[in-house]
Amino acid sequence: LSSTKSWLPSKLRFLQFSSGTFSGVLNFHKGLSMLLRLEIRSCTKLESLIGLHKLYGLRELVLIECPLLDISTETKFPYRLSSLIIRGCHQILSLHLNSPAVLRELEISDCQGFMYIGRLSDFTDLESLKLLHCPLLQLRELMPVFPETAMICSCPRLKKWCEWHEIEYMVS
């Protein structure tokens with residue numbers, strides 16, 4: 369699968385891929401600018417997403433059980449992205465959002481190789497933060513405003529960070 373250009377209607381608002389048959393790279397194009405929510409689930413052979421920034425209207429991105437998916441530090445996310453959920457994507461090592469001030473919800477869970485979230489000091493309007501079962505995750509930056517809802521669980525390297533923010537660290 370190389371490009372969504374030839375087989376997806378341009379007025380699509382919600383798109384869900386839920387199959388183990390996709391492999392390699394999924395390449396998005398600017399013709400999907402009306403897309404508001406994108407879910408990619410159980411694509412066990414998917415390795416890369418290209419052109420996410422071309423999904424201008426995208427507000428919600430959900431990536432679940434894509435164990436080979438890697439998001440490089442050069443990946444550009446849509447500027448209007450307000451919700452990002454990543455679960456069970458073990459090759460994603462870090463997250464670098466180009467417009468974190470817009471983000472309202474961030475969840476990263478069960479990502480065994482995940483180690484870092486960049487630009488935490490720019491997360492000014494985050495309302496919900498869930499960091500669950502990411503054993504390698506380390507954060508050194510402080511957040512300017514801590515979200516209303518926060519759940520940090522089974523991320524042993526975040527105990528000190530939780531103390532700095534005066535939030536409860538949970539062990540499952």
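Start counting the sequence shown at 369; every next residue gets the next number (this note's numbering).
Even for Gly, the Cβ is constructed at its ideal location relative to N, Cα and C.
Residue i to residue j span [Cα, whole Å]
{"i": "Leu504", "j": "Cys434", "result": "18 angstroms"}
{"i": "Thr372", "j": "Ile535", "result": "Residue placement at Thr372 is flagged as unreliable, the pLDDT there being 49, under the threshold of 50; the coordinate-derived value follows with that caveat. Roughly 42 angstroms separates the two Cα atoms."}
{"i": "Arg448", "j": "Leu400", "result": "14 angstroms"}
{"i": "Tyr484", "j": "Leu394", "result": "24 angstroms"}
{"i": "Leu420", "j": "Gly456", "result": "20 angstroms"}
{"i": "Leu507", "j": "His464", "result": "13 angstroms"}
{"i": "His501", "j": "Ile432", "result": "14 angstroms"}
Run of the beta strand (DSSP E) containing residue i, from where it starts to where it stops
{"i": "Leu428", "result": "The amino acid at residue 428 is misidentified as Leu; the sequence shows Glu. 428-432 is the extent of the beta strand (DSSP E) around Glu428."}
{"i": "Lys413", "result": "413-418"}
{"i": "Glu407", "result": "405-409"}
{"i": "Cys502", "result": "Careful: Cys502 lies outside any beta strand (DSSP E) and carries neither H nor E."}
{"i": "Glu534", "result": "Glu534 -> no beta strand (DSSP E), and no H or E assigned at all."}
{"i": "Glu473", "result": "473-477"}
Whole-Å CB distance - residue i paired with residue j, under 8 angstroms assumed
{"i": "Gly392", "j": "Glu415", "result": "6 angstroms"}
{"i": "Val470", "j": "Ser450", "result": "6 angstroms"}
{"i": "Glu531", "j": "Ser496", "result": "Not really, about 21 angstroms apart at Cβ, beyond 8 angstroms."}
Sheet register partners of residue i (DSSP bridge)
{"i": "Thr517", "result": "Ser496"}
{"i": "Ser391", "result": "Lys413"}
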